[in-house]
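Visitor: Chains S and A are the protein sequences, given in the same order. Note that the first sequence ends on residue 138 in our numbering; no numbers are left out. Note that the second sequence ends on residue 138 in our numbering; no numbers are left out.
Protein chains: 2
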Amino acid sequence: MKAEGRLTHYRKTVLQLLRSNDSHPTAADVFRIVRRRRPGVAYATIYNALNWLERGGLIGSLNLTDEATRYDPIIERHDHFVCTRCGRLTDVQLKLPPDIVTRAAKNAKFRLAWHRTELFGLCGECSVSSPKTYRNAR
Amino acid sequence: MKAEGRLTHYRKTVLQLLRSNDSHPTAADVFRIVRRRRPGVAYATIYNALNWLERGGLIGSLNLTDEATRYDPIIERHDHFVCTRCGRLTDVQLKLPPDIVTRAAKNAKFRLAWHRTELFGLCGECSVSSPKTYRNAR
DNA sequence: GTTACTGCAAAGTCTTTGCATGCGG
DNA sequence: CCGCATGCAAAGACTTTGCAGTAAC
Numbered sequence: 001m002k003a004e005g006r007l008t009h010y011r012k013t014v015l016q017l018l019r020s021n022d023s024h025p026t027a028a029d030v031f032r033i034v035r036r037r038r039p040g041v042a043y044a045t046i047y048n049a050l051n052w053l054e055r056g057g058l059i060g061s062l063n064l065t066d067e068a069t070r071y072d073p074i075i076e077r078h079d080h081f082v083c084t085r086c087g088r089l090t091d092v093q094l095k096l097p098p099d100i101v102t103r104a105a106k107n108a109k110f111r112l113a114w115h116r117t118e119l120f121g122l123c124g125e126c127s128v129s130s131p132k133t134y135r136n137a138r
Numbered sequence: 001m002k003a004e005g006r007l008t009h010y011r012k013t014v015l016q017l018l019r020s021n022d023s024h025p026t027a028a029d030v031f032r033i034v035r036r037r038r039p040g041v042a043y044a045t046i047y048n049a050l051n052w053l054e055r056g057g058l059i060g061s062l063n064l065t066d067e068a069t070r071y072d073p074i075i076e077r078h079d080h081f082v083c084t085r086c087g088r089l090t091d092v093q094l095k096l097p098p099d100i101v102t103r104a105a106k107n108a109k110f111r112l113a114w115h116r117t118e119l120f121g122l123c124g125e126c127s128v129s130s131p132k133t134y135r136n137a138r
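#1: From A:114, A:108 and A:86, pick the residue whose C-alpha is nearest to that of residue 96 (chain A); which is it?
#2: Just to make sure I have the definition right: I need the residues of chain A whose C-beta is within less than 7 angstroms of the C-beta of residue 127 (chain S). Which are they?
#3: Skipping 5 residues on each side, what residues in its chain have a beta carbon closer than 6 angstroms to that of residue 75 (chain S)?
#4: How big is the Cα-Cα spacing for residue 63 (chain S) and residue 69 (chain S)?
#5: For a contact defined as C-beta to C-beta under 9 angstroms, what are the partners of residue 44 (chain S) on chain A?
#6: Using CA atoms only, rank isn't needed, just tell me which of S:106, S:18, S:100 and S:121 is closest to residue 104 (chain A).
#7: Just to confirm, does residue 30 (chain S) get its C-beta within under 8 angstroms of one of the non-hydrogen atoms of the ligand GDP?
#8: At least one CB of chain A closer than 9 angstroms to the CB of residue 97 (chain S): is that the case?
#9: Establish whether the CB of residue 136 (chain S) and some CB of chain A are separated by less than 9 angstroms.
#10: Give the DSSP-derived three-state secondary structure of residue 86 (chain A) in the structure shown.
#11: With DSSP collapsed to three states, give me the class of residue 111 (chain S).
#12: Quick one: is residue 9 (chain S) buried, meaning 16 or more other Cβ sit within 10 Å of its Cβ, or exposed?
#13: Going by CA-CA distance only, name the one from S:126, S:124 and S:110 that's closest to residue 125 (chain A).
#14: Give the secondary structure of residue 117 (chain A) by DSSP, where H, G and I count as helix, E and B as strand, and everything else as coil.
#15: With a CB to CB cut of under 7 angstroms and the five nearest residues on each side skipped, what residues in its chain are close to residue 32 (chain A)?
#16: Check for me: the beta strand (DSSP E) holding residue 60 (chain S) runs from which residue to which?
Below, the structure is given as structure tokens:
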């Protein structure tokens, strides 16, 4: 996973944007924000930057629902809480007993590389407003 | 999440197909299989059936990578192993200490509805062949 | 008869690709 | 110079939608 190519202005911008923001934006979100400062930027450039950063291991990508991929500047192992109403994505850290995971992998004859847990439910804001769930991303 | 509408022939077919098959097929997979018996079936009918079954809680859907949604007849809480090389999706069951999950949700002020864990790595077949990973679905 | 499922085609959303241009090393 | 990032547009993959016909109750 070596980094071919250069850390260009756009790639740096996208990386800083992600690092200064814990909302786990989509490519479209990033595009919208970058375009405010550089109106000429192309959508493909954002995708290019995000894919390049991900290939280089500088960011991670998340597909937790049927919606667009979201990007995450935190590359250490961690978990997420997904609000099924507003879509908010929040970092959490679960400390699972190590052998629970390794044993499951061993039983299934898998070579485990990494794991993650997702919690689904209502975020603080959404649990005080409408009780109706909006999205069912199981 | 009540089931409006009828459990029609196609919906029953799709449900039985999923239940007789642990490969977690995509909509395209289901379409291909159903079309063998009923060449006139429309793609939209398969999507309709899958979405209806999911809304009714008869099946679950999985978005674990950046590829197409996969469907799962097991509706009890469970976890998955994803082969990062061939894409194989295998059911596993992790028994996490209950308070690990509930405590994380409480700390973050979330109302937890459910959770799931994904293990990523190489399946048995892929770990004996090429060591090169094909997909990086973090 | 009425409801709503199906087939078909078109459109919508998200993402990638091809190619010409041009910047940076 | 040369490589490769960028802008642009088009295409590709996946999914949904609108509508007319028709099957099920």
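Glycine is no exception: its CB is placed at the ideal position from the N, C-alpha and C atoms.
Guide: Concretely, from the data shown:
#1: Counting from 1 along the second sequence, the entry for residue 96 (chain A) is found at position 96. Of A:114, A:108 and A:86, the residue nearest in Cα terms is A:114.
#2: For this step, residue 127 (chain S) is matched to residue 127 along the first sequence. Those are 111, listed as they occur along chain A.
#3: In the first sequence, counting from the first residue as 1, residue 75 (chain S) sits at position 75. So the qualifying residues of the chain are 60.
#4: Counted from its first residue, the first sequence places residue 63 (chain S) at position 63. Counted from its first residue, the first sequence places residue 69 (chain S) at position 69. Those two C-alpha atoms are separated by around 5 angstroms.
#5: Along the first sequence, read from residue 1 onward, the residue named residue 44 (chain S) stands at position 44. Per Cβ cutoff of 9 angstroms: no residues; residue 44 (chain S) is ~17 angstroms from chain A at best.
#6: Here residue 104 (chain A) corresponds to residue number 104 of the second sequence, with the count starting at 1. For residue 104 (chain A), the nearest C-alpha among the options comes from S:121.
#7: Summarising the ligand content, the structure contains no ligands, and the ligand GDP is consequently not present.
#8: Position 97 of the first sequence, counted from the first residue, corresponds to residue 97 (chain S). So yes, residue 97 (chain S) belongs to the interface.
#9: Your numbering for residue 136 (chain S) matches position 136 in the first sequence. Bear in mind that a pLDDT of 43 at residue 136 (chain S), under 50, signals an unreliable position, so the model cannot answer this.
#10: Mapped onto the second sequence, residue 86 (chain A) falls at position 86. Correct three-state label for residue 86 (chain A): coil.
#11: Translated into the one-based positions of the first sequence, residue 111 (chain S) becomes position 111. DSSP places residue 111 (chain S) in strand when its eight states are reduced to three.
#12: By 1-based counting over the first sequence, the position of residue 9 (chain S) is 9. Per the 10 Å Cβ criterion, exposed.
#13: Reading the second sequence from its first residue, position 125 is the one you call residue 125 (chain A). If we check each option's Cα against that of residue 125 (chain A), S:110 comes out closest.
#14: Start at 1 with the first residue of the second sequence, and residue 117 (chain A) comes out as number 117. Residue 117 (chain A): strand per DSSP, three-state reduction.
#15: Taking the first residue of the second sequence as 1, we reach residue 32 (chain A) at position 32. Same-chain partners within the cutoff: there are none.
#16: Counting from 1 along the first sequence, the entry for residue 60 (chain S) is found at position 60. Element bounds for residue 60 (chain S): 60 to 62.
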